[in-house]
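In my numbering, the protein residues as written are -12 to 289. These notes are about the structure you will find just below.
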């Protein structure tokens, strides 16, 4: 039996993952690996709901404020670097937490990623030309036809991810969805999944409230400061795209705020769609930390 364990805490945005994970980490005397594809960038603070130093309460966090937005990062890099972190943590500890809402990052560490096919030289150039000529919506509609599962999981205006999925399909005939998970990666530690969920109406109310707080803290100003990096994958996401549209004069501020809230709710729905496919996840309300802890204690000591 394996004597090291990774506890994975997942759930939609604003459900309360930070609070629950920090309390569990304190009880279990372990560190937290953040599986959030945006919180690792130093420049993205407000729009990512990044935990503050005070909120971390002395718990060691990996992949938070980890690097600059100028440096590209991917699920593959996360898999490699997070495994290195676990190897170090497991030298003198038996447990670590993986926490976040980025399903691809979580799957990368827990299940492994397949090697992706070589892209034919002309394919990417042709797709980029189509993007310039016809816009991202046309490419997204094509992705919905060839790989509807992945299209459902990403934002319709994330041109980098759309082009990546299409170039893989057009180069190999295989979908991004079918290739992204190795599903046979052998990990030398146990994996236990905890999911956090609550009534959908309450979750949406929390999302709206959080967005109001972000705006009050300076979300618009933060996004505008980062506008020169808007082509980066991390910024083609909810919380930044809408402000860029406002800055470009395409919408007014009232409409930007409406879209920020609507798109955040839609993002939460996509996150739940992703996580609900995993039958190994045991779901709890975020207020039930004692129940979660007791469940984990039983798992860790049987």
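Heads up, the beta-carbon is just placed ideally off N, CA and C, and yes, glycines get one too.
With H, G and I counted as helix, E and B as strand and the rest as coil, what does DSSP make of residue i?
i	result
residue 271	strand
residue 175	coil
residue 159	helix
residue 227	coil
residue 20	strand
residue 218	coil
residue 134	coil
residue 38	coil
residue 2	coil
residue 235	coil
residue 8	helix
residue 74	helix
residue 192	helix
residue 61	coil
residue 100	coil
residue 242	helix
Mind checking residue i: buried by the 16 CB within 10 Å criterion, or exposed?
i	result
residue -8	buried
residue 250	buried
residue 289	exposed
residue 5	buried
residue 120	exposed
residue 135	exposed
residue 277	exposed
residue 187	exposed
residue 182	buried
Just to confirm my understanding: we take residue i, look at its own chain, exclude 5 residues before and 5 after, and list those with CB closer than 8 Å. What are they?
i	result
residue 111	150, 154
residue 49	18, 19, 20, 21, 69, 72
residue 205	33
residue 44	9, 13
residue 126	114, 117, 118, 146, 149, 150, 153
residue 189	none
residue 246	229, 232, 238
Who are the Cβ neighbours of residue i in its own chain at under 6 Å, not counting the five residues just before and after it?
i	result
residue 180	-5, 267, 268
residue 177	-11, -8
residue 47	18
residue 248	195, 198
residue 143	127
residue 51	21, 26
residue 59	none
My guess is that residue i and residue j are in contact by the Cβ rule of under 8 Å, so how many angstroms apart are they, rounded?
i	j	result
residue 238	residue 202	Incorrect: roughly 15 Å between the Cβ atoms, too far for contact.
residue 7	residue 279	7 Å
residue 86	residue 15	Going by Cβ atoms, the distance from residue 86 to residue 15 rounds to 12 Å, so no, they are not a contact pair.
residue 262	residue 90	6 Å
residue 254	residue 230	Going by Cβ atoms, the distance from residue 254 to residue 230 rounds to 15 Å, so no, they are not a contact pair.
residue 61	residue 29	The pair is not a contact, with the Cβ atoms about 18 Å apart (cut-off 8 Å).
residue -3	residue 93	6 Å
residue 287	residue -1	Incorrect: roughly 26 Å between the Cβ atoms, too far for contact.
residue 65	residue 95	6 Å
residue 133	residue 162	7 Å
Using DSSP bridges, identify the partner residues of residue i.
i	result
residue 54	28
residue 182	-3, 270
residue -8	82, 177
residue 87	-3
residue 288	According to DSSP, residue 288 bridges with nothing at all.
residue 49	20
Leaving out five residues before and five after residue i in sequence, what residues of the same chain have Cβ atoms less than 7 Å from its Cβ?
i	result
residue 76	18, 83
residue 157	110
residue 308	Because the chain is modelled from -12 through 289, residue 308 falls outside the range shown and cannot be assessed.
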